[in-house]
Amino acid sequence: MGMIPGQNQSWVSEFILLGFSSDPTTNSILFTVFLLIYLSSVTGNGLIIMLICVDTQLHTPMYFFLCILAMLDVCYVTTTMPQMLVHLLAKSKAISFAGCWLQMYVFGAMATTECTLFVVMAYDRYVAICYPLHYTVILNWGLCRQLVTGTCVCGFLSALLHTFFTMSLPYCGPNKVNHYFCEGPSVRSLACMDTQLIERVDQILSVFLGVTPLSLIGASYILIAKAILKIKSTQARCKSFSTCASHLTVVTFFYGPASYIYMKPNSSYSPERDKQISFFYNAFTALLNPVVYNLRNKDIKRAFLKVMGHGCVD
Numbered sequence: 007m008g009m010i011p012g013q014n015q016s017w018v019s020e021f022i023l024l025g026f027s028s029d030p031t032t033n034s035i036l037f038t039v040f041l042l043i044y045l046s047s048v049t050g051n052g053l054i055i056m057l058i059c060v061d062t063q064l065h066t067p068m069y070f071f072l073c074i075l076a077m078l079d080v081c082y083v084t085t086t087m088p089q090m091l092v093h094l095l096a097k098s099k100a101i102s103f104a105g106c107w108l109q110m111y112v113f114g115a116m117a118t119t120e121c122t123l124f125v126v127m128a129y130d131r132y133v134a135i136c137y138p139l140h141y142t143v144i145l146n147w148g149l150c151r152q153l154v155t156g157t158c159v160c161g162f163l164s165a166l167l168h169t170f171f172t173m174s175l176p177y178c179g180p181n182k183v184n185h186y187f188c189e190g191p192s193v194r195s196l197a198c199m200d201t202q203l204i205e206r207v208d209q210i211l212s213v214f215l216g217v218t219p220l221s222l223i224g225a226s227y228i229l230i231a232k233a234i235l236k237i238k239s240t241q242a243r244c245k246s247f248s249t250c251a252s253h254l255t256v257v258t259f260f261y262g263p264a265s266y267i268y269m270k271p272n273s274s275y276s277p278e279r280d281k282q283i284s285f286f287y288n289a290f291t292a293l294l295n296p297v298v299y300n301l302r303n304k305d306i307k308r309a310f311l312k313v314m315g316h317g318c319v320d
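Heads up: the sequence shown is residues 7 to 320, going by the numbering used here.
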């Protein structure tokens, strides 16, 4: 069952994802709750994408990056949640080795791309507040496309390294992953060899991919804060600050839990706690991002009312 015979040992051909609970009643309740969260996340982010594409007044660098963030969130949450929902109701909770490889890679690629996109969005706010008169000249569409392409390349390459290091380890049993999806640390704990070196390399990579973007975001906001404090008008100062507040909020929601999972030493690994924290930065950040931007953004509200108005007219 789930093993491929080798010369001296058997190799895992599939993993069993244990999920959150083995109780059918609990799983039925979780299915309903998680389905609502997933549908709300996809709908909220889909709405932002649609509004930005439809409304020409939102065709600016800031909303272009916000649209890319919403797309990443949809892909990010779809990588893990549909399968988790199926496993909550199905008897079999198996995922093939190749499926686990692919899920880990796509999830890692989306997460790392989002990490680097937050840096780009911080740079966008820095240029808008510190160099408002040169904003469209500095952040021209050519540069915007290059920045997004760069974030994707960075995300997909780093995820390839992380996935390769983890999935190239020998897995000869057991094959039960105490998680709801194939997350690196959870799968790696099942390897039948000493993984200290791989863990150290992976941790260095994670720290680099976490600390570097956070440092750049921090540096951007220090310069932004200095520029805002020089503004004499209180109203203009508040408006400048509010354009940054949404970005800072989603960065905090994303980086806090993700940093805990991937930057902590392996000795403090706790499957149950890690599952809950992973679910927060996987599902809830994708749900909260559109909520945060919709509640704080007058342009998004205006575009929504405009679209609804056209709908009524039609």
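Just so you know, even glycine gets a beta-carbon here, dropped at the ideal spot from N, CA and C.
Around the C-beta of residue i, are 16 or more other C-beta atoms found within 10 angstroms, so that it is buried, or is it exposed?
i, result
"Glu278", "exposed"
"Ser146", "Per the sequence presented here, residue 146 reads as Asn, with Ser not at that position. Exposed: under 16 other Cβ atoms inside 10 Å."
"Met314", "exposed"
"Gly224", "exposed"
"Lys245", "exposed"
"Val39", "exposed"
"Phe214", "exposed"
"Gly179", "exposed"
"Pro176", "exposed"
"Asp320", "At Asp320 the pLDDT is 39, less than 50, meaning the model places this residue with poor confidence; the figure from the coordinates comes in the next sentence. Classification of Asp320: exposed, given that the 10 Å Cβ count is below 16."
"Met90", "buried"
"Pro11", "With a pLDDT of only 43 at Pro11, under 50, the local geometry of the prediction cannot be trusted, and the value read off the model is given with reservation. Result: exposed."
"His185", "buried"
"Leu36", "buried"
"Pro30", "exposed"
"Met199", "exposed"
"Ile228", "exposed"
"Arg206", "exposed"
"Ile210", "exposed"
"Val125", "buried"
"Cys73", "buried"
"Leu123", "buried"
"Val257", "buried"
"Ala104", "exposed"
Between which two residues does the alpha helix (DSSP H) harbouring residue i extend?
i, result
"Glu189", "Note, Glu189: premise wrong, no alpha helix (DSSP H); not H, not E."
"Ile210", "Gln202 to Leu235"
"Phe26", "That residue, Phe26, is in no alpha helix (DSSP H); it is neither H nor E in DSSP."
What are the boundary residues of the beta strand (DSSP E) that residue i is part of?
i, result
"Leu72", "Per DSSP, Leu72 belongs to no beta strand (DSSP E); it is in the alpha helix (DSSP H), Pro67 to Thr84."
If I measure Cβ to Cβ from residue i and keep anything under 6 Å in the same chain, skipping five residues before and after, which residues do I get?
i, result
"Asp79", "Asn51, Ala292 and Asn295"
"Glu120", "Leu78"
"Arg194", "Thr172 and Thr201"
"Met87", "Tyr44"
"Cys188", "Cys106, Gln109 and Met110"
"Cys150", "Pro67 and Phe70"
"Ser47", "Val83, Ala292 and Leu293"
"Val112", "Thr85"
"Leu222", "Val125"
Could you tell me which residues DSSP puts in a beta bridge with residue i?
i, result
"Ile22", "Ala100 and Lys182"
Using a Cβ-Cβ cutoff of less than 7 Å, which residues in the same chain neighbour residue i once the five nearest sequence positions on both sides are dropped?
i, result
"Tyr287", "Phe260, Pro263 and Ala264"
"Arg308", "none"
"Met9", "Here Met9 scores only 47 on pLDDT, less than 50, and its place in the model should not be relied on; the value that follows carries that caveat. Answer for Met9: Ser16, Trp17, Val18, Ser19 and Gly179, listed in chain order."
"Leu23", "His93, Lys99, Ile101, Val183, His185, Tyr186 and Phe187"
"Ile144", "Val133 and Tyr137"
"Ala197", "Leu175, Pro176 and Tyr177"
"Met7", "The pLDDT assigned to Met7 is 46, lower than 50, so where the model puts this residue is not dependable; a value taken from the coordinates is nonetheless given after this. Within the same chain, Met7 has no close Cβ partners at all."
"Cys318", "In this prediction, Cys318 scores a pLDDT of 45, lower than 50, which makes its location untrustworthy; no coordinate-derived value is stated."
"Ile55", "Cys73, Ala76 and Met77"
"Lys304", "none"
"Leu57", "Leu64, Ile306, Ala309, Phe310 and Val313"
Using a Cβ-Cβ cutoff of less than 8 Å, which residues in the same chain neighbour residue i once the five nearest sequence positions on both sides are dropped?
i, result
"Phe290", "Ile43 and Phe259"
"Asp130", "Pro67, Met68, Phe71 and Leu145"
> Along the chain, which unbroken stretches of the alpha helix (DSSP H) at least 4 residues long are found entirely within the region 282-315?
Replying inline: 291-302
> Which parts of the region 96-167 are runs of the beta strand (DSSP E), unbroken and 3 residues or longer, counting only runs that do not cross its ends?
Replying inline: 100-102
> In chain order, which continuous runs of the alpha helix (DSSP H) of length 4 or greater are located wholly inside the region 24-64?
Replying inline: 30-60
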